[in-house]
C-alpha cells in the first residue's frame, strides 16, 4: 500500500477511535437496546410527544453507531481489495480501494467535526434570515442566490427546508427571506454562517457588462424547544398584521394573515407569512422571536457581538465573512479561516461543508481571530 494511502488509513482509524470514545461505545450500545425495547412497547404511543422523542433518539443513536461500524468495515474491505489487487497486478482494484479509503477518511473527518457540536442548541432545527444590502436589484438578486445556496445545502444534507417569510425585490431577487431548516444538528452546522457575504461578478442587469460588487447578509439562530425557557412580556411587543406578498395567481392571499412582531426593548423583529391562517403565522412568529432572543443571550454568553448589533451592522465593506468572485476569476474565499474554492458554482449549489467545517474548527480551537487578506 502506498505511503499516502497508508497515512489516510491511519488518520481514519484515529478518527474512528475518537468517535468511539466520544460516543462511549458500550454505554451507547446499551442505551440503543433500551430504546429498541421501548419502541416495541405498544403503550409508548399513548403519549405521542414522548414517543417521538424516543424514536428520534433511537434513530440518531442507531445512525451514529452504524456509521462507525460501516467505516471500520469499509477500511478493512478497502485494504483487502488493495492487497489482492497488488498481488494480482489488478490496478483497477487498487484504484477502487484507494478511492474508498479517501471517501471513508473524508466521512470520518466530517463526523469528528460533528462531535464539536455540543452546544445547548446545536442539535436543534435552525432559522436563517437573508437580507439584501444596499445596491437595489444587484443585491436583491444576490440575496436570492444566497437563499438558494442554503436551501440546496439543506437538501444535500437530507434536511427539510421551508420558507417562513419572503419579501420580493422590485425588479428581481428578494429584499429578505427567512428559511427554517429542520434536521439533526442543523443549527450546530450553520451557526458560523452568520455574517455578510460579498459577490463580485459581471452584472446581468448592466447593459455595459461592468463588474459589480454586491452584499447580502445571513443571520442564523436556533429553533428552540421546550428544554429552553424564554419569557417574553407581551407588553414589550408590538404586533402588526399585513397582507402576504407573493407572485399572485389563484393562491394569492387576500387577507391580512401575515404577522410581524417587534420586541421593543431589543428592536428584534420576527415575521411570518407562510400560512393562510393568521393564528398559525402568529404562533410561528412568536417562536421565531423566542429563538432570536435566545440567540441574543447565547451571543452575550460567548462575549461576541449581540444579535441586535449584528442586525444593525452595515451590510457592506468591513463586515463580510466570505467573498464569492465570479469575474475576473473563479474563487470563493472565507475571510476568517482562509478556506478557498475554485468552483464557486458548486459552492452556490450548496457545497458548503468545507467552509462550515473549517469555521467550526476555528471557533472551537480558538483560531477564529486569524486575519486573512481580502479578495479583490
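Residue numbers (my numbering): 288 to 663.
For each residue, glycine too, the CB sits at the ideal point set by N, CA and C.
Check: Contact belief for residue 607 with residue 482 at Cβ below 8 Å, rounded distance in angstroms; Outcome: 7 Å
Check: Collapsed DSSP secondary structure at residue 339 in the structure displayed; Outcome: helix
Check: Contact the segment 366 to 378 vs the segment 611 to 618: 3+ CB pairs below 8 Å; Outcome: no
Check: For residue 444, three-class secondary structure by DSSP; Outcome: coil
Check: Residue 620 - partner residues in DSSP beta bridges; Outcome: 610 and 627
Check: Per-residue burial, residue 536 [other beta carbons within 10 Å of its own, 16 or more giving buried]; Outcome: Because the pLDDT of residue 536 is 40, which lies under 50, any placement of that residue in the model is unreliable, and the number read from its coordinates should be weighed accordingly. Exposed.
Check: Sufficient close CB pairs (3 or more, under 8 Å) joining the segment 623 to 643 to the segment 367 to 387; Outcome: no
Check: Cα-Cα separation, residue 566 to residue 643; Outcome: 36 Å
Check: Euclidean distance between Cα positions of residue 296 and residue 390; Outcome: 11 Å
Check: Exposure of residue 437, with buried meaning 16 or more beta-carbon neighbours within 10 Å; Outcome: buried
Check: Cα-Cα separation between residue 299 and residue 550, rounded to whole angstroms; Outcome: 48 Å
Check: 9 Å Cβ cutoff met for residue 573 and residue 519; Outcome: yes
Check: DSSP three-state assignment for residue 357, whether helix, strand or coil; Outcome: helix
Check: Sheet register partners of residue 408 (DSSP bridge); Outcome: Residue 408 pairs with nothing; no bridge assigned.
Check: Touch test, the segment 481 to 499 against the segment 395 to 407, Cβ-Cβ under 8 Å, three pairs minimum; Outcome: no
Check: Proximity winner among 564, 582, 543 and 563, relative to residue 555 (alpha-carbon distances); Outcome: 582
Check: Classification of residue 255 by the beta-carbon crowding that lies within 10 angstroms, buried from 16 upward; Outcome: No answer is possible for residue 255: it lies beyond the span of the chain, which begins at 288 and ends at 663.
Check: Coarse secondary structure for residue 509, derived from DSSP in three states; Outcome: strand
Check: Three-way DSSP call (helix, strand, coil) for residue 401 in this model; Outcome: helix
Check: C-alpha distance - residue 377 paired with residue 358, whole-angstrom precision; Outcome: 24 Å
Check: Residue 466 versus residue 355 - alpha carbon distance; Outcome: 32 Å
Check: Contacts around residue 305, its chain only, beta-carbon distance under 8 Å, and the 5 residues preceding and following it disregarded; Outcome: 399 and 402
Check: Residue 410 versus residue 312 - alpha carbon distance; Outcome: 20 Å
Check: Residues that DSSP places opposite residue 260 in a beta bridge; Outcome: What the structure shows of the chain is the stretch from 288 to 663, and residue 260 is not part of that stretch, so it cannot be assessed.
Check: Exposure label - residue 332; buried when at least 16 CB within 10 Å; Outcome: exposed
Check: Exposed unless 16 or more other CB atoms sit within 10 angstroms - verdict on residue 666; Outcome: Any answer about residue 666 is impossible in this case: the structure gives the chain only from 288 up to 663.
Check: Nearest-angstrom Cα separation, counted from residue 315 out to residue 348; Outcome: 7 Å
Check: Residue 592 versus residue 586: straight-line alpha-carbon distance, rounded; Outcome: Since pLDDT at residue 592 reaches only 39, below the 50 mark, its modelled position is unreliable, and the value read off the structure follows with that caveat. Taking the straight line joining both Cα atoms gives about 6 Å.
Check: Within 9 Å, strictly: CB atoms of residue 509 and residue 413; Outcome: yes
Check: Delimiting residues of the beta strand (DSSP E) encompassing residue 486; Outcome: 482 to 489
Check: C-beta contact flag for residue 420 and residue 458 at 9 Å; Outcome: no
Check: Cα-Cα separation, residue 428 to residue 456; Outcome: 8 Å
Check: Limits of the unbroken beta strand (DSSP E) element including residue 416; Outcome: 413 to 419
Check: Cβ pair residue 416, residue 506 closer than 9 Å; Outcome: yes
Check: Supposed close pair residue 448, residue 461 - CB separation, criterion 8 Å; Outcome: Actually they are not in contact, since the Cβ atoms of residue 448 and residue 461 sit about 15 Å apart, beyond 8 Å.
Check: Enclosing alpha helix (DSSP H) for residue 290 [first to last residue]; Outcome: 290 to 310
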